[in-house]
Every structure is written in structure tokens, then in C-alpha cells.
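Structure first, commentary second.
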Amino acid sequence: MKISKTIANEFISDAKKGVGNAVVSDRDLDWAIVQRVQNGEVSAFNQLVQKYRQSLFSIIYNMTGNREDATDIAQEAFIKAFQSIKQFRGQASFYTWIYRIAVNSSITFIKRAKKQRFINYETIDETLVSSDILEYFTAKTKTEKGALLKELQEKLNEALQKLSPKHRIVVILHEVEGMNHKEIADITKTSEGTVRSRLHYAKKMLQAYLQEYIG
Amino acid sequence: MNINKHPNLEDLLKVKKAEQPDDVFWEKFDRDLQEKTLQTFIEQEPWYRNLANKFSQFALSTSMACALIFLMGTALYINLSPEPDILTSDVNSQEESLMIFEEMMITEEFSDYAVVVNDTLEKNYAVEVISIQGDSETYDFEADAISVAIGDTVDYSDAPVYASSDTFRISKQYTQLASFAF
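Chains as they are written, first to last, in my numbering: chain B, 6 to 220; chain C, 1325 to 1506.
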């Protein structure tokens, strides 16, 4: 399927406006942008970067537990995608493709880094944390909110780092990024059954590690 | 979630979503990514240029190899060609040369012919000796050569007179000629 730049732009424009019967999925939108890049409109790739950089960084950061490493790996993933974009034929969705690159890059990095690098945590946006959780723990521990979040962050990251990369990625994609089993199976190139199995095992391990915080 | 209820694992993991970089981080992220992408642009040459580079390298190395082979072949051809060495001589020593030359001088053949060919020198040398017999007798000396008392040598002198330039002629004497060459 080859869509010209003009048609693709009109298609996206109509979809955004809700004109006609155009029902456009994220996958179609991404594919249209990818084709623009393939046709030489290099700057269009920035739209894909802006769209996926946050979740991509989040996945890699939770995998590596290090902000600087996550930054480098995320940038490399985008560059790899950009360099290989001519080979992208739209058989899978772009986000599955770019996430797969990011996940593989992260796992390769973790395997190569024999010695665990120092943990460099990201700052927590308190507004995004459920107020119920914060109130529960502050009431229970009589600890200041900021300190409590810091402690909780450390414990969560430690627990995640104890998991193997293949179990860690399933938990991150499902519980943090909110992906379903099918999407995770596509990204990790495994079956949905394997994803469920790994997720079950990983959660069991995490519950054991975080016993003191879970009722 | 009820605050009186214990949070479960899923509730805890939601805290991870709150770990997000600020806008300053993303500005730097975008800037660095752009620089890295540009670097890949610079490093990544188009396929036809790579092909041209590879071809030119191949052509250069091939032409250099051909030139080398040609030079070596030429050098071998020159060395193996049957051209005689003009500097070598069959005459082994200077004494031998002189002996041969003296023998040549006293032979009749030598005196009668302008060019004398010796067998020993045949391969490499051609010795040319200019005869003084033929033409020297017909020189027109004009004022420089005066004939005196032709036929009556006894009236003027009893000593034989030789032509001063005729050093090779030993056997024949001039008895009537006085020659002055200026």
C-alpha cells in the first residue's frame, strides 16, 4: 500500500476534523507519517518522536533503573528506527516496531552491563500519584509525603531490578504502560500464553518483595 | 481506592507512572537526538557513492597492479634479450693487442687496403687505418713542395730521404724528394 504525501495529509486532516466517515486509528496515522518520511520528508519523523518519546523513555528507564542510560538507549532506538524506516512496510504498527527496538536495546544493554550501574531515579510528579495511596501511607507511617514517595520509589525500583529482564518487561508493559497481552506478545515476539505466564510469575515475585507495603 | 483498604501491587506500580522527566529534560533530549540524527546523516553516504568509492578503489588497485606487472615484464624482457654487450672484447690483454697490431702493420694486405679486418677483432671492432701510399704521392704541394734533382740523387746527396709522414712505409725509400710541409 503506497499512499502519496498529499493523500496521506488529507486523510490525516479529515480524520482529525472528523470529516466524513474517516475513522483513523493510531496505526494508520503513524503509517501515513512513516510514508512521508520514506518519501523524503525527514522532518515528519519528529512527529513520531514527539508522540512516543515519553512512553519509550519510561519503558527503558524502568528496565534499566538509570536515567542517563535510558536517555541514550531511547535516542538510539529512535535513530535505529529512522535509519531502518525504509525497510518498514507497515505490516506491524509503528508503535509495536519502535517499542520492539527499544525493548531489545534495553535487554541487550542489561545483558552487556555485567556490573549494575548506580541507580539514578527520575523525579516523581506527585500530582500523578493516586492521592488515596499517599493518604494511606502517610496515615500509616506518619511520614511526610515527599519522603514517603521517595521511599516507595526506591522500593519499587529495587523490586523491579530483582526480576529477570524478560519478566521485568512484561510487568512494565502491562502494569505501567497499560498494554494488553496481545500487544505485549507482539512487541516481545512471544505468545499471549507466555506473556500471561510471565506476568503471573513476575507479580508473584514483586508481591513477595513488597510485602510490607501490600496488605 | 478506599484509604482504609490496603493497596495492592497494581496500585503501587501506578507510582511508577508518576516518574516522569520535566520539560527541561525533554528539550535536551530532543536537541541531542537531533544532533545524533544529523551525525548519522553525515556518516551515512548514499549507496551509489559507496559503490563508486568501492569501484574507484578497485580500479586504482587494479591499475597499480597492472602497471607493476608491466614494469616487471619490461625489465625482464630487456634483461633476457640476446643483444651483445658492446663493452666486452675478445682481446684479453693490451700486449696481445699490440702484437696483433704490429703483425698487421707488416703485412702486404695492410699496406694495400684502406681497411684491415683482423679475425680476432672481428666481432667487436673494426680498425680503420688510412693508407698513406696512394694519394700522398699525387699531392700538389705547389709552393710548399719543391722537386729537386729528380733522377740524380748522386749529385746532391747520398742519404736517402723519407717522407716525414710516411712512418709506416719501411720497405720503400724515397731518394729524390724533399718535402716541406708547413
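Every residue gets a Cβ at the ideal spot worked out from N, C-alpha and C, and that includes glycine.
With contacts defined as CB atoms closer than 8 Å, Ser111(B) and Ile78(B) qualify as a contacting pair.
Asn162(B) carries a helical assignment under DSSP once its states are collapsed to helix, strand and coil. Arg58(B) reaches chain C at Trp1350, Phe1353, Asp1354 and Leu1357, counting residues in chain order whose Cβ is nearer than 9 Å. Non-local C-beta neighbours of Pro170(B) in its own chain, meaning closer than 8 Å and more than five positions away in sequence, comprise Met68, Ser111, Ile112, Ile115 and Lys116, ordered along the chain. Taking 8 Å as the upper bound for CB-CB distance, Leu1357(C) and Val54(B) are in contact here, some 7 Å apart. Pairwise C-beta distances place the segment 1387-1406 of chain C out of contact with the segment 87-104 of chain B, as fewer than three of them are shorter than 8 Å.
At a cut-off of 8 Å between C-beta atoms, Leu161(B) counts as an interface residue with respect to chain C. Taking C-beta separations shorter than 7 Å and ignoring five residues to either side along the sequence, the partners of Ala49(B) in its chain run Ile38, Arg41 and Val42, following chain order.
In the DSSP annotation of this structure, the continuous segment of the alpha helix (DSSP H) that includes Asn109(B) starts and ends at Phe99 to Arg117. Taking the C-beta atoms as reference points, Leu61(B) is found nearer than 8 Å to Ile103(B).
Residues of chain B whose Cβ lies closer than 7 Å to the Cβ of Lys1378(C) do not exist; the shortest such Cβ separation is about 20 Å. Rounded to the nearest whole angstrom, the C-alpha separation of Glu156(B) and Ile174(B) is 23 Å. Distance between Phe1353(C) and Asp1346(C), taken at the CA atoms: about 11 Å. Of all residues in the segment 94-118 of chain B, none has a C-beta nearer than 8 Å to a C-beta of chain C. Neighbours of Asn44(B) in chain C, taken as residues whose beta carbon is under 8 Å from its own, are absent, since the nearest beta carbon is some 16 Å off.
Glu1334(C) carries a helical assignment under DSSP once its states are collapsed to helix, strand and coil. Out of Gln216(B), Lys150(B), Glu81(B) and Ile65(B), the CA that lies nearest to the CA of Gln1363(C) is found in Glu81(B). The C-beta separation of Gln212(B) from Gly70(B) comes to about 20 Å, leaving the pair out of contact by the 8 Å criterion. Going by DSSP, Thr199(B) is part of the alpha helix (DSSP H) stretching over Glu197 to Tyr214. Beyond the five residues adjoining it in sequence on each side, Ser98(B) comes within less than 6 Å, by CB distance, of Arg32 in the same chain, given in chain order. Contact note: Leu1362(C) does not reach chain B at a C-beta cutoff of 7 Å; the least C-beta distance is about 10 Å. Less than 8 Å divides the Cβ of Tyr141(B) from the Cβ of Pro1331(C).
Contact note: Ile219(B) reaches chain C through His1330, Pro1331, Asn1332, Leu1333, Asp1335 and Leu1336, using a C-beta cutoff of 9 Å and chain order. Contact between Tyr218(B) and Leu1336(C) holds, since their C-beta atoms are separated by about 6 Å, short of 8 Å. Around the beta-carbon of Phe1382(C), fewer than 16 other beta-carbon atoms lie within 10 Å, marking it exposed. For Asn67(B), the nearest CB of chain C lies under 8 Å from its own CB, placing it at the interface with that chain.
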